[in-house]
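*Asks:*
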Amino acid sequence: MKEIERHWQFILKPDKNLKDKLLQKGFNCWNLRGESSVEDFDKVKNNFDLIEDDDALKPRICIGYEYNPYKGE
Numbered sequence: 010m011k012e013i014e015r016h017w018q019f020i021l022k023p024d025k026n027l028k029d030k031l032l033q034k035g036f037n038c039w040n041l042r043g044e045s046s047v048e049d050f051d052k053v054k055n056n057f058d059l060i061e062d063d064d065a066l067k068p069r070i071c072i073g074y075e076y077n078p079y080k081g082e
């Protein structure tokens with residue numbers, strides 16, 4: 010199978026500024042789920058508090074594959 014895409018999925022704890030911005034629109038949150046490109050993941054880790062100490066919630070890389078049932082690939 011041919012790889013077609015790769016990205017990180019993660020859960021982060023919003024900082025006070027982001028939480029306040031969301032609260033202004035009536036949305037209260039304690040965690041946010043997101044994704045980023047592989048290239049941007051270090052930027053995300055440096056700017057946000059990711060949940061990394063829980064095996065079920067820690068960041069994971071996701072890989073998408075192309076499947077062609079007619080080629081058996």
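For the numbering used here, add 9 to where a residue sits in the sequence shown, where the first one is 1. Yeah, the Cβ is synthetic: ideal placement off N, Cα and C, and Gly gets one too. Remember, it's a predicted structure, so these values are computed and weren't measured experimentally.
What do you get for F36, buried or exposed, if any count of 16 or more other CB atoms within 10 angstroms of its CB means buried?
*Replies:* It is exposed - the Cβ of F36 has fewer than 16 other Cβ atoms within 10 Å.
*Asks:* Express the C-alpha separation of Y79 and Q18 in angstroms, rounding to a whole number.
*Replies:* In a straight line, the C-alpha of Q18 is about 31 Å away from that of Y79.
*Asks:* Mark L32 as exposed unless 16 or more other C-beta atoms lie within 10 angstroms of its C-beta, in which case mark it buried.
*Replies:* It counts as exposed.
*Asks:* Ignore the nearest five residues each way along the sequence and tell me which others in K67's own chain have a CB closer than 7 Å to its CB.
*Replies:* Within the same chain, K67 has close Cβ partners I60 and E61.
*Asks:* My output table needs one value for F50: the three-state DSSP class, helix, strand or coil.
*Replies:* In this structure, F50 counts as helix in the three-state DSSP scheme.
*Asks:* Just curious, the alpha helix (DSSP H) that L21 is in, first and last residue?
*Replies:* No alpha helix (DSSP H) contains L21, which is instead part of the beta strand (DSSP E) from K11 to K22.
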